[in-house]
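Chains as they are written, first to last, in the numbering used here: chain A, 38 to 285; chain B, 35 to 361. Glycine included, C-beta positions come from ideal geometry on N, C-alpha and C. First the structure, in the form of structure tokens, and then the observations on it.
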Amino acid sequence: MKSIVCIKRVPDSEARIRVGGDGVGIDPAGVKYVMNPYDEFALEEAIRLKEEAGDGLVTVLSVGPEESKEILRTALAMGADAALLLASPGSADGLVIARALAEEIGDREYDLILFGKQAIDDDNMQVPAMVAELLGLPCASVVVELEIEGRHAVAHREVEGGHEIVEFDLPAVVGAQKGLNEPRYPSLKGIMAAKKKPLDVKEISFTEPKVRIVALQEPPPRAGGEIVGEGPKAVPELVRRLRDRALI
Amino acid sequence: MARVLVYAETRDGELRPVASETVTAGGDLAEQLGGSVDVFLLGPPGMAQRAADLGRYGADRIFVAEDQSFSSYAAEAAVRFCEDLVGREAYDAVVFPASAQGKDLAPRTAARLDRGLATEVVSVGVDDGRPVATRPMFAGKAIATVAFSELPALISVRPNVFRPKERPADGSVEIVEIASEPTAQRVTGIETGDREALDVSEANIVISGGRGMKDPENWSVLEDLVEALGDDATLGASRAVVDAGWRPHSEQVGQTGKVVSPSLYFAVGISGAIQHLAGMRTAKTIVAINRDAEAPIFSVADYGLVGDLFEVVPALAAEIRRVRAGG
């Protein structure tokens, strides 16, 4: 089983986000960066599939700044075999990233391309399906269960109020949702082994983005609320307020 | 004249509630551009009759593709259908719902058409005669305004944000044949839980429980409140209780769960971590119930109630039942 896992470096979900001086990006000062949490499920799935098959290859790709090497190294320590960073100056939208990945992946040999269902920075949630479309592959997004038998796959994807079951043949693109598996932590042995695995950097140039952020703002603070009261005796007052606002 | 194309979502031959919201968003944009709204949708034979209803929300022309296989989401056919329509007419924008279907369909279509896509959009506008959109990033810790260098601009709108607006228009229905091609993937089933629970991203009222619930067994307390509040209400959960395996991740509200904008949000036994606040801060009204008067959740709540949730929540359910029964 040969998998390609696409991962992204993003601010930690507990990070406080401040708009930077340019007014269209964030101020990275003091922000801790991590591997996008959903990408951990994608990577774990690829490693498990390789382990179950008894042989295979897990390649991790990232598009981003030089610092993304850190998350690629983490991926190698978790069990990926090889890593490649596609580095480019300039800004990108989802389609630009998808094109860069599709171009790199196009000539490779693979059974599965895995992504986290979305990156928690841009929240674009568009690159996996775009890569599938550009490469002419089936795509299952928001996957919480994946069964592969030979060249056939059955995926359960999360939809409103339940799961949709999608069937397709490999090769295919899968977007991993939380719940697909329990990602492992890198072991000390894995961290040592990662030092000997290939981590390459390739300079690329982006195509022209078609969506551009013209302004980035922090959300207006919510007006400070009020404490209605303490304990069950405050309940009638709370219900009165909610009724006044026609909420119940 | 400017034209906006809208994808109306169906499942099992019925329009989904999000369809009227998407048409409304398309109408908001068309109004500002000085144009009209066309709608396209797929469904099984007979779908066309039910589609005409979208005229109420501003659909001028409604294009319907019918086939038995369109009872469930048919990704490849929907992309082709959209591509055909965009090839026939110069649209300024194509609007999708940011639902499970739309999150899959919109990016596929964008890649096929080679156009830019803005997802999870919460408001649409026009700048210099062209569409612009605002969308949260970092789960709402920042709000971006985005512009498009080429038209049509592709936009997917967040559920529960664009409340359906009556905007009567022609609503003329045209059945369109789309070439059937072998599909590389197909939906072979839908699994729902014991009851088809309202999804946390689509519910009008969300009651979320956190670590303060102490034990998964205690969720009956929240279920009873959901029942008291009626069909519009559903359960949510904090990351802590999902990670502990107490609740399914489909209920998780927050940066690594769902971002929700209900009319009313109850945070019960949730302290209010940054990643949780990011997921629910756009709720119209927030009620927090927590033992700890210093919990950060109270800083974003419109109404806070300090106390033991195991006393407060049953009293709340009882009071709601009492006032509802009394009219």
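Exercise for the section: Compare the C-beta of residue 166(A) against all C-beta atoms of chain B and say whether one is closer than 7 Å. Expected result: Yes - at least one Cβ of chain B is within 7 Å of the one on residue 166(A).
Practice task
Give a yes or no on whether the C-beta atoms belonging to residue 234(B) and residue 270(B) are separated by under 7 Å.
Solution key: In contact: residue 234(B) and residue 270(B) (Cβ atoms closer than 7 Å).
Problem - Contact set for residue 54(B): own chain, Cβ-Cβ below 6 Å, skip 5 residues either direction - result: Counting only Cβ-Cβ distances below 6 Å, and skipping sequence neighbours, we find 91, 198.
Handout entry: Cα-Cα separation between residue 240(A) and residue 42(A), rounded to whole angstroms
Key = Spanning the two alpha carbons is a distance of roughly 19 Å.
Exercise for the section: For the segment 119-148 of chain B, enumerate the residues whose C-beta is nearer than 9 Å to any C-beta of chain A, in chain order. Expected result: Those residues of the segment 119-148 of chain B that come within reach of chain A (Cβ to Cβ, closer than 9 Å) are 132, 133, 134, 135, 137, 138, 139, 140, 141, 142, 143, 144, 145, 146, 148.
Exercise for the section: Determine the extent of the alpha helix (DSSP H) in which residue 185(B) is found, giving its start and end residues. Expected result: Where residue 185(B) is concerned, there is no enclosing alpha helix (DSSP H), given that its DSSP letter is neither H nor E.
Practice task
Examine chain A for any beta-carbon lying closer than 7 Å to the beta-carbon of residue 179(B), and answer yes or no.
Solution key: Yes, residue 179(B) counts as interfacial toward chain A.
Exercise for the section: Could you check the C-alpha separation between residue 54(A) and residue 282(A) for me, to the nearest Å? Expected result: If I take the Cα positions, the gap works out to 32 Å.
Exercise for the section: Please classify residue 135(B): is it buried, with 16 or more other beta-carbons within 10 angstroms of its beta-carbon, or exposed? Expected result: It is buried - the Cβ of residue 135(B) has at least 16 other Cβ atoms within 10 Å.
Handout entry: For residue 199(B), the three-state DSSP class (helix, strand or coil)
Key = Residue state, collapsed to three classes: coil.
Practice task
Decide if residue 229(A) is buried, meaning its Cβ has at least 16 other Cβ atoms within 10 Å, or exposed.
Solution key: Under this definition residue 229(A) is an exposed residue.
Practice task
Report yes if the C-beta distance between residue 140(B) and residue 130(B) is below 7 Å; otherwise report no.
Solution key: Cβ distance < 7 Å, so residue 140(B) and residue 130(B) count as in contact.
Handout entry: Contact check, residue 192(A) vs residue 203(A), beta carbons under 7 Å
Key = Cβ atoms of residue 192(A) and residue 203(A): closer than 7 Å.
Exercise for the section: Buried or exposed for residue 189(A), please, with buried defined as at least 16 other CB atoms from any protein chain shown within 10 angstroms of its CB. Expected result: Per the 10 Å Cβ criterion, exposed.
Handout entry: N-terminal and C-terminal residue of the beta strand (DSSP E) that residue 223(B) is part of
Key = 219-226 is the extent of the beta strand (DSSP E) around residue 223(B).
Practice task
Return no unless some Cβ of chain A is closer than 7 Å to the Cβ of residue 93(B).
Solution key: With its beta carbon at least 7 Å from every one in chain A, residue 93(B) lies outside the interface.
Handout entry: Closer than 7 Å to chain A by CB, residue 115(B)
Key = With 7 Å as the cut-off, residue 115(B) does not count as an interface residue toward chain A.
Handout entry: Candidates 312(B), 307(B), 308(B), 339(B), of which the one nearest residue 322(B) by Cα
Key = Of the candidates 312(B), 307(B), 308(B), 339(B), the one whose C-alpha sits nearest the C-alpha of residue 322(B) is 339(B).
Practice task
Could you tell me whether the Cβ atoms of residue 180(A) and residue 213(A) are closer together than 7 Å?
Solution key: Yes, the pair counts as a contact, with Cβ atoms nearer than the cut-off.
Practice task
Below 8 Å between beta carbons is the criterion; list the residues of the segment 130-160 of chain A that meet it against any residue of chain B, in chain order.
Solution key: Answer in chain order: 130, 131, 132, 135, 157, 158, 159, 160.
Practice task
Run down chain A in chain order and give the residues with a C-beta less than 7 Å from the C-beta of residue 233(B).
Solution key: Here the neighbours are 197, 198.
Problem - Cutoff 8 Å; reference residue 68(B); Cβ partners in own chain excluding five residues on either side - result: So the qualifying residues of the chain are 35, 36.
Handout entry: Euclidean distance between Cα positions of residue 344(B) and residue 267(A)
Key = Cα-Cα distance, rounded: 13 Å.
Practice task
Taking residue 160(B) as the reference, give the member of 38(B), 232(B), 325(B), 48(B) with the closest Cα.
Solution key: Comparing Cα positions, the closest option is 38(B).
Practice task
Determine the contact status of residue 63(B) and residue 158(B), defining contact as a CB-CB distance below 7 Å.
Solution key: Result yes, Cβ atoms of residue 63(B) and residue 158(B) sit closer than 7 Å.
Problem - residue 88(A) to residue 44(A) span [Cα, whole Å] - result: When rounded, the separation of the alpha-carbon atoms in residue 88(A) and residue 44(A) is 20 Å.
Exercise for the section: Classify residue 353(B) as buried or exposed, calling it buried when 16 or more other Cβ atoms lie within 10 Å of its own Cβ. Expected result: That one is buried.
Exercise for the section: Would you list, in sequence order, the uninterrupted alpha helix (DSSP H) runs of no fewer than 4 residues that lie entirely inside the segment 57-123 of chain B? Expected result: Runs found: 81-85, 109-122.
Exercise for the section: Compute the Euclidean distance between the alpha carbons of residue 309(B) and residue 205(B), then round it to the nearest angstrom. Expected result: Cα-Cα distance, rounded: 42 Å.
Handout entry: Close beta carbons around residue 127(A), own chain, < 7 Å, minus the five adjacent residues each side
Key = Spatial neighbours of residue 127(A) in its own chain (CB-CB distance under 7 Å, excluding positions within 5 residues in sequence) are listed in chain order as 243.
Practice task
Look up residue 254(A) in the DSSP assignment and give the residues it is bridged to.
Solution key: DSSP, once it has assigned bridges, lists 177(B) as partnering residue 254(A).
Exercise for the section: Whole angstroms is fine: what's the gap from residue 143(B)'s alpha carbon to residue 135(A)'s? Expected result: CA-to-CA, the gap between residue 143(B) and residue 135(A) works out to about 13 Å.
Practice task
Look at the alpha carbon of residue 284(A) and the alpha carbon of residue 44(B), and state the distance between them as a whole number of angstroms.
Solution key: Computed Cα separation, rounded: 28 Å.
Exercise for the section: Verify whether the separation of the beta carbon atoms of residue 112(A) and residue 97(A) is less than 7 Å. Expected result: Their beta carbons are under 7 Å apart, which means residue 112(A) touches residue 97(A) by this criterion.
Problem - Segment limits, beta strand (DSSP E) that includes residue 125(B) - result: In this chain, residue 125(B) is not harboured by any beta strand (DSSP E), its DSSP state being neither H nor E.
Practice task
Just the chain B side, please: which residues come within less than 8 Å of residue 34(A) by C-beta, in chain order?
Solution key: The question about residue 34(A) has no answer, for chain A in this structure spans 38 to 285.
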